[in-house]
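Worksheet: one structure, shown below.
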Amino acid sequence: MMTLTKEKIFVTKSFMPPLNEYMQYVEKIFNNVQLTNGGPLVKELENKLIDYLKINNIQYVTNGTIALQLALRALDIEEGEVITTPFTYVATTSAILWEKLKPVYVDIEPDNFTIDPNKIEEKITSKTRAIMPVHVFGYACNIEAIQKIADKYGLKVIYDAAHAFGSKYKGKSLVSFGDISTLSFHATKLFHTVEGGACIIKDEIVKKELDLLKRFGHNGDEHFCLGINGKQSEIHAAMGLSILPYMDEILEKRKRICVLYDELLENIVQLPKKQEGLEHNFAYYPVVFKSEEELLRVFEALKQEEIYPRRYFYPSLNKLSYIFDGESCPISEDISKRIACLPLHPTLNMETVEKICKIIFGSVNSVFHVQ
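If you count by numbering that gives the first Met the number 0, then the sequence shown holds residues 0 to 370, one letter each, in order.
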């Protein structure tokens with residue numbers, strides 16, 4: 000007798016465009032016989048992203064981590080300290096360390112998990128070169144306060160905006176702020192190119208420098224500086240061009256799911272507070288439980304139903320084993336033990352959302368009622 004297995008529900012699921020639409024771009028690649036080195040599809044994608052995001056420029060690169068490293072290099076930040084947040088994916092810290100810089104952690108705000116600007120100045124020293132905040136989960140950092148501090152001390156601001164595609168702040172794309180903002184187009188992101196990333200750059204000279212850096216530091220046979228291979232391929236650009244026309248539909252479906260989560264989980268778990276002036280992109284659905292024990296109890300109950308949320312972000316990065324003098328960040332350390340992201344993607348059906356919420360209610364010993 001055949002045993003039916005439950006469909007596994009993961010925290011994210013990559014959006015896949017219609018195959019025939021993707022293959023139309025692939026056919027162009029085969030006809031052009033140009034796979035990389037700034038091919039026509041890469042240029043087309045960059046132009047369409049500039050139009051979609053309402054930004055002045057974009058440099059499409061191989062991934063979000065190399066985008067951060069290129070940003071540091073293009074701004075001549077080659078030694079010293081970079082103030083950043085401990086509450087984010089490890090790539091933010093990895094990029095700083097890989098460039099032989101020291102991450103200096105500043106604790107987060109407890110209601111939206113972004114870096115607390117009121118705690119930045121006390122961490123600034125003669126070695127501080129830049130501030131690298133993160134628009135975590137697509138929520139905006141306190142842009143005005145951060146820029147004011149940067150201007151006061153002559154520091155560069157590099158926003159890790161890996162989660163911010165589609166978010167707007169006061170009518171402007173959230174990725175348009177800072178000296179450089181970086182994006183990730185990893186397969187798990189709202190908009191993806193399987194692998195990929197990008198830099199959005201304020202200064203025209205810096206933009207040209209970064210473009211040179213991502214191409215080994217040379218134009219033709221003329222070598223100008225030490226560079227790296229940060230170029231992206233035509234095959235990856237084809238995926239982005241196939242997905243971009245569906246972005247409004249993707250965002251609307253995610254919004255409907257988040258609205259239902261909000262309705263069913265209100266007063267049961269802590270939800271992040273959206274900043275005034277922010278148009279959120281519904282990139283993730285984070286919830287904070289009363290304790291780590293409660294979180295683990297919920298995880299176990301969901302696992303029994305083949306539902307797999309994720310602990311975004313754990314541990315607090317200042318507690319990494321290779322950060323030997325990590326500063327104390329009590330809010331980040333506390334939140335990181337109690338926070339998780341629930342499943343969220345365009346093909347998630349509302350019955351599954353209700354089921355997830357019912358399991359959470361039961362696991363936290365609360366009464367569940369669906370209208």
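Using N, Cα and C, we set each Cβ at its ideal position, and we do this for glycine too.
Computed from a predicted structure; not experimentally measured.
Exposed or buried, which one is G219 when buried takes at least 16 other CB atoms within 10 Å? exposed
From E291 to K336, what distance separates their C-alpha atoms? 5 angstroms
Tell me the rounded alpha-carbon separation between Y24 and T35. 14 angstroms
Endpoints, alpha helix (DSSP H) assigned at L182: L182 -> not in any alpha helix (DSSP H); beta strand (DSSP E) instead, spanning 179–183.
For the structure I just gave you, are there three or more beta carbon pairs, one from the stretch 113–122 and one from the stretch 347–367, closer than 8 angstroms? no
Indicate whether L341 and Y284 have their beta-carbon atoms separated by less than 7 angstroms. yes
With a CB to CB cut of under 6 angstroms and the five nearest residues on each side skipped, what residues in its chain are close to F367? Because the pLDDT at F367 is just 43, under 50, the model does not fix this residue reliably, and the value given afterwards should be weighed accordingly. For F367, where only same-chain residues beyond five positions count, the Cβ hits under 6 angstroms are K357, F360.
Euclidean distance between Cα positions of N111 and A129: 22 angstroms
Roughly how many angstroms separate the alpha carbons of K213 and T92, rounded to a whole number? 20 angstroms
Is it true that the stretch 313–329 meets the stretch 96–106, where meeting means three or more beta-carbon pairs spaced less than 8 angstroms apart? yes
Residues of its chain near Q274, where Cβ-Cβ distance is below 6 angstroms and the 5 sequence neighbours each way are ignored: A139
At what residues does the beta strand (DSSP E) containing R128 begin and finish? 127–131
Start-to-end residues for the beta strand (DSSP E) that takes in T351: Note, T351: premise wrong, no beta strand (DSSP E); alpha helix (DSSP H) at 349–362.
Taking 8 angstroms as the threshold, find out whether the stretch 49–56 comes into contact with the stretch 261–280 through three or more Cβ pairs. no
Can you name, in chain order, every residue of its own chain whose Cβ lies under 8 angstroms from the Cβ of K171, other than the five neighbours on each side? K53
Nearest-angstrom Cα distance between V286 and F29? 46 angstroms
Using a Cβ-Cβ cutoff of less than 6 angstroms, which residues in the same chain neighbour S180 once the five nearest sequence positions on both sides are dropped? Y158, A160, V174, I199
Option nearest L264 by Cα separation, candidates K47, N141, S362, T83: S362
For C248, which residues of its own chain have a beta-carbon under 8 angstroms away from its beta-carbon, when the five flanking residues on both sides are left out? It is worth fixing the name first, because residue 248 is Glu in this sequence and not Cys. Result list for E248: P345, in chain order.
The beta strand (DSSP E) enclosing D150, as first and last residue numbers: Segment 142–152 is the alpha helix (DSSP H) holding D150; no beta strand (DSSP E) there.
Of the residues F14, C257, V60, G177, which one's Cα is nearest the Cα of M131? G177
Would you tell me roughly how many angstroms separate the C-alpha atoms of G38 and A237, rounded to the nearest one? 11 angstroms
How big is the Cα-Cα spacing for E353 and D150? 47 angstroms
Taking the C-alpha atoms as reference points, what is the distance between I338 and I95? 25 angstroms
As a quick exercise: from S331, V10, I242, pick the residue whose alpha carbon is nearest that of K47. I242
Classify P329 as buried or exposed, calling it buried when 16 or more other Cβ atoms lie within 10 Å of its own Cβ. exposed
Using 10 angstroms around the beta-carbon of S13, count the other beta-carbons present and answer buried if the total reaches 16, otherwise exposed. exposed
Can you grab the Cα-Cα spacing for the pair T187 / L225, in whole Å? 32 angstroms
Taking the runs of the beta strand (DSSP E) that are 3 residues or longer, which of them lie wholly in the stretch 37–87? 58–60, 80–83
Within a Cβ cutoff of 6 angstroms, which residues of the same chain sit near E77, ignoring the five residues on either side of it in sequence? none
Just to confirm the assignment, what range does the alpha helix (DSSP H) spanning G239 have? 233–242
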